[in-house]
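Here's the structure, in C-alpha cells; my notes come after.
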Amino acid sequence: MSEAQNQGGISAEEAAKARSALLELISTPTTGDAGDFEKELLPTPENPNPAPASVPVPEPITVPEVPAAPSSGPDVTVPLENGVSSIESDTYDPNRKITKEEAEEIRKGEKEYREALAFVKDAIAPSMMRVDATKIQIGDVYVRSFFTYAYPDFLEGNWLSPLINWDVKFDMSMFVYPIDSAYIMKYLRKRLTELHSERSINADKGLINDPALEAQIQDVEELRASLTRGQERYFHFSIYITIYGESEDHLKKLSNTFDTLLSGRNILTKQTFLRSEQAFTATGPFAKDEVGVYRNISTRGLSTTFPFTSNSLSQDDGILYGINTHNNSLVIFDRFRTENANMVVFAKSG
C-alpha cells in the first residue's frame with residue numbers, strides 16, 4: 050500500500066480526480082461558496098472515498114433565425130416564438146399612415162410651439178400701437194416717416210453724411226432696383242425725339258434757345274452713350290427715413306430739422322401721409338418696400354448715396370476709448386496699427 054493510501058485512506062488516482070474537479074470549479078464562474086464543495090471532496094471518517102461533485106452546466110438557449118430585412122420597401126413583420134417583432138427599413142415610406150400615438154405626439158409638439166411663439170410675441174410687443182394719418186404712436190414713442198422724391202442734377206459725394214451724423218434716433222433704408230438697359234434705351238430714344246421736336250417748334254416760332262431744354266438734350270445724349278458703352282446702368286432708387294420723438298412737439302421739431310438738413314442740398318422730402326404703417330415697415334429689418342415711391346438714378350448718382358465717411362472713429366479691433374458725443378457711436382481705435390503709435394487726447398479735466 051502506498052504512502053498516500055496510509056495517510057488519507059484514498060489512492061493517488063482518486064486524489065488526482067479530486068484535484069481536477071477542484072480546478073474545474075475554480076475556473077468556472079459561480080457565485081456559490083466553494084467551502085461546502087471542498088468539504089464534499091475532502092475525505093472524512095464518515096466518507097473515506099468521496100465522489101467528485103458534478104458542476105451544473107446551463108442549458109444552451111436556442112434563438113430562431115430572423116431573416117434580413119429588405120433594403121427598400123414597406124416594413125417587414127417577422128414572427129418569433131414569444132411574440133411579434135417589427136423590423137423597420139431604413140428608407141422613409143411616404144405612404145405609411147401614422148398611428149394614433151404618433152399623431153397625438155405631433156399635435157402636442159405643435160401646441161407647445163404655438164404657445165412658445167405666442168409668449169415670445171407678447172414679450173417683445175409694445176403695450177399699445179396707434180396708427181394716424183401722419184404718425185404712429187408705439188407706447189410712449191411717436192414715429193414719423195419720410196420719403197425723398199426729388200434730387201438735384203448733380204449730387205456731390207457723401208451727401209448723406211449730415212443725416213448719418215445726425216445726433217437723433219432714426220432709421221433709414223434704401224431700395225435699389227436694377228432696370229434693363231434695353232428698356233431704358235427705348236425710353237431715352239423716345240424722350241430725345243420729344244426734346245428735339247420741342248426745340249424745332251421753338252425755332253419755327255422764332256423763339257430763342259431754352260438753356261434748360263439744351264441741358265436736358267445734352268444729359269439724355271450723354272446717358273445714352275454711357276449705357277451703350279456699358280459704363281452706366283439705370284436703377285430705380287428709394288430712400289425712406291423714420292424718426293422717433295418723445296412727444297408730439299419733440300417729433301415736430303425733429304421733422305423741421307430733418308427738412309432743413311436735406312433741403313439745403315436741394316433734396317426734397319415728403320411725409321408718408323396715410324401710409325405711416327407701410328413706411329414704418331419699409332424702414333424696419335424686413336426688406337419690404339410697401340410704399341413704392343422711387344426715382345430714376347444712374348450708377349454715378351447712386352455711388353454718391355453710400356455714406357463712406359462719418360464723424361465716427363471705430364475699427365474692428367482696438368481699444369474702447371469712449372463714446373462720440375456727436376452721434377453716440379463708440380470710439381474704438383488701435384493706435385499701434387498706424388505708422389506712428391504716438392497719440393494725444395484733449396479732454397476736460399476732472
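In terms of the numbering used here, the sequence shown has 123 at position 74, counting the first letter as 1, and numbering is strictly consecutive.
All C-beta atoms, glycine included, are put in the ideal place defined by N, C-alpha and C.
Source: prediction; values computed, not measured.
Cut-off 8 Å between Cβ atoms - residues of its own chain near residue i, not counting five sequence neighbours on either side
i: Ala-53; result: For Ala-53, the predicted structure reports a pLDDT of 42, less than 50, and the residue's modelled location is therefore unreliable. A value from the coordinates is still provided. So the list reads Ile-59, Ser-60, Ala-61, Ala-64, once near-sequence residues are dropped.
i: Gln-327; result: Thr-321, Glu-339, Val-340
Rounded straight-line distance, which links the Cα of residue j to that of residue i
i: Ser-230; j: Asp-298; result: 47 Å
i: Ser-347; j: Thr-353; result: 10 Å
i: Leu-204; j: Thr-306; result: 21 Å
i: Leu-244; j: Gln-265; result: 8 Å
i: Arg-238; j: Arg-278; result: 16 Å
i: Ile-187; j: Pro-175; result: 7 Å
i: Tyr-162; j: Ile-155; result: 11 Å
i: Asp-308; j: Thr-374; result: 23 Å
i: Ala-274; j: Asp-365; result: 42 Å
i: Lys-88; j: Ser-69; result: Low per-residue confidence applies at Lys-88: pLDDT is 49, beneath 50, and the placement is therefore not dependable enough to give any value.
i: Glu-153; j: Pro-334; result: 37 Å
i: Gly-158; j: Lys-146; result: 19 Å
i: Asp-82; j: Leu-71; result: With a pLDDT of only 49 at Asp-82, under the threshold of 50, the placement of this residue in the model should not be trusted; the figure read from the coordinates follows. Near 13 Å, if we compare the C-alpha coordinates of Leu-71 and Asp-82.
i: Trp-16; j: Ile-290; result: Past the boundaries of the shown model lies residue 16; the chain is included only from 50 to 399, so the question cannot be answered.
i: Ser-398; j: Asn-207; result: 35 Å
i: Glu-247; j: Asp-268; result: 16 Å
Close Cβ partners of residue i (< 7 Å) along its chain, the five nearest in sequence each way excluded
i: Leu-379; result: Ser-363, Leu-369, Ile-372
i: Lys-319; result: Phe-195, Phe-196, Tyr-198
i: Leu-303; result: Val-217, Ile-292, Gly-294
Assigned secondary structure, residue i (DSSP; H/G/I helix, E/B strand, else coil)
i: Thr-291; result: strand
i: Asn-345; result: strand
i: Ile-185; result: strand
i: Met-234; result: helix
i: Asp-216; result: coil
i: Arg-248; result: helix
i: Lys-319; result: strand
i: Phe-382; result: strand
i: Arg-324; result: coil
i: Tyr-162; result: helix
i: Phe-329; result: helix
i: Ala-172; result: helix
Supposed contact pair residue j and residue i - C-beta distance, whole angstroms, cut 8 Å
i: Val-225; j: Phe-284; result: 5 Å
i: Leu-310; j: Leu-212; result: 6 Å
i: Tyr-200; j: Arg-344; result: 6 Å
i: Ile-288; j: Met-223; result: 6 Å
i: Arg-282; j: Pro-227; result: 7 Å
i: Glu-270; j: Leu-317; result: In fact, because the Cβ distance is near 26 Å, the residues do not count as touching under 8 Å.
i: Thr-148; j: Met-221; result: Contact flag wrong, Cβ pair sits at about 55 Å.
Same chain, Cβ closer than 6 Å to residue i, five either side skipped, listed in chain order
i: Ile-185; result: Val-192, Ser-325, Phe-329
i: Lys-218; result: Tyr-293
i: Ile-381; result: Ser-363, Gln-364, Gly-367, Leu-369
i: Met-178; result: Ile-187
Nearest neighbour of residue i, chosen from the options [CA to CA]
i: Ala-182; options: Asn-214, Leu-323, Val-393, Leu-71; result: Leu-323
i: Leu-351; options: Ala-172, Leu-209, Arg-145; result: Leu-209
i: Leu-262; options: Gly-255, Lys-254, Ser-249; result: Ser-249
Residue i Cβ short of 7 Å to the ligand MN heavy atom set
i: Glu-153; result: As for the ligand MN, it is missing from this structure, which has no ligand bound.
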